[in-house]
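For reference, the structure is listed below as structure tokens.
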Amino acid sequence: MALYSEKVMDHFRNPRNVGSIENPSGVGEVGNAKCGDIMKIYLKIENEIITDVKFETFGCGSAIASSSIATELIKGKPVSEALELSNKAVVEALEGLPVHKLHCSVLAEEAIKAAVQDYYEKNGIAYDKTQFPDCEACGHCHE
Ligand code: FES
């Protein structure tokens with residue numbers, strides 16, 4: 034069996050929504066200290082709907098495919114739905130990732146959450162902090 038699904042290869046070869054957004058509503062950047070990969074997600078939000086999303090990923094093929102499909106999954110959706118996107122849903126949409134590549138999909142979930150949190154912070158919107166990973170406590174981007 035091939036290591037990577039057709040879906041992964043497709044999103045790796047032709048990633049959707051690559052780039053950045055001028056004056057984004059929120060930006061999230063996360064990294065994995067072990068592999069050194071970095072993912073950045075830009076969101077444009079209007080009336081609580083994600084009207085545009087772009088990504089820049091400096092990382093492996095699985096990270097690129099994960100970010101690409103994650104942008105497709107949240108585009109046009111309410112912010113609340115984007116917050117619920119789990120790395121598991123990203124893996125399912127990609128029709129699977131090898132076990133040693135599952136952490137790449139975690140970056141997509143974390144980058145989206147970080148971008149939404151940035152949006153809340155920038156706009157002075159009250160939010161439930163427990164919905165977000167505690168960076169200080171985790172510290173895995175900086176270890
Ligand atoms: Fe690091 Fe894929 S190997 S994100």
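Residue 34 is where the sequence shown starts when you use my numbering, and the numbers rise one by one after that. Think of the CB as a built atom: it goes at the ideal place given N, C-alpha and C, for glycine as much as any other residue.
Taking the C-alpha atoms as reference points, what is the distance between Ile-158 and Asp-151? Residue 158 sits at position 125 when you count from the first residue of the sequence shown. Residue 151 sits at position 118 when you count from the first residue of the sequence shown. One alpha carbon belongs to Ile-158, the other to Asp-151, and they sit about 10 Å apart.
So does the stretch 74-89 actually touch the stretch 127-139, counting three or more Cβ pairs closer than 8 Å? By the Cβ rule, the stretch 74-89 does not count as touching the stretch 127-139, because fewer than three pairs are nearer than 8 Å.
I believe Ala-103 touches Leu-116 by the beta-carbon criterion, under 8 Å. Please report the beta-carbon distance rounded to the nearest angstrom. As a first step, residue 103 must be located in the sequence shown, where it is residue number 70. As a first step, residue 116 must be located in the sequence shown, where it is residue number 83. Between the beta-carbon of Ala-103 and that of Leu-116 there is about 12 Å, and that puts the pair past the 8 Å contact cut.
Tell me whether Asn-56 counts as near the ligand FES, meaning its Cβ is closer than 7 Å to at least one heavy atom of that ligand. Here residue 56 refers to the residue found at position 23 when the sequence shown is read from its first residue. Outside the cutoff, so no.
Could you compute how far the alpha carbon of Asn-13 sits from the alpha carbon of Pro-48? Because the chain spans 34 through 176 in this model, residue 13 falls outside it and cannot be assessed.
What is the rounded straight-line gap between the Cα of Asn-50 and the Cα of Glu-105? Position 17 of the sequence shown holds residue 50. Position 72 of the sequence shown holds residue 105. One Cα belongs to Asn-50, the other to Glu-105, and the distance between them is close to 8 Å.
For Gln-164 and Lys-121, what's the separation of their Cα atoms in angstroms? As a position in the sequence shown, residue 164 is number 131, starting the count at 1. As a position in the sequence shown, residue 121 is number 88, starting the count at 1. C-alpha separation (whole angstroms): 17 Å.
Quick one: Cα of Ile-107 to Cα of Ile-83, how far? Within the sequence shown, the letter at position 74 stands for residue 107. Within the sequence shown, the letter at position 50 stands for residue 83. C-alpha separation (whole angstroms): 7 Å.
If you draw a straight line from the alpha carbon of Gly-69 to that of Lys-87, how long is it in whole angstroms? Sequence index remark: in the sequence shown, residue 69 carries index 36 (1-based). Sequence index remark: in the sequence shown, residue 87 carries index 54 (1-based). Rounded to whole angstroms, the gap between the alpha carbons of Gly-69 and Lys-87 is 21 Å.
Would you say Asp-43 touches the ligand FAD, meaning its beta carbon is less than 7 Å from a heavy atom? This structure does not include the ligand FAD; its bound ligands are the ligand FES.
Helix, strand or coil at Lys-162 according to DSSP, with G and I counted as helix: Taking the sequence shown and counting its residues from 1, the one referred to as residue 162 is at position 129. Assigned with DSSP and collapsed to three states, Lys-162 falls in helix.
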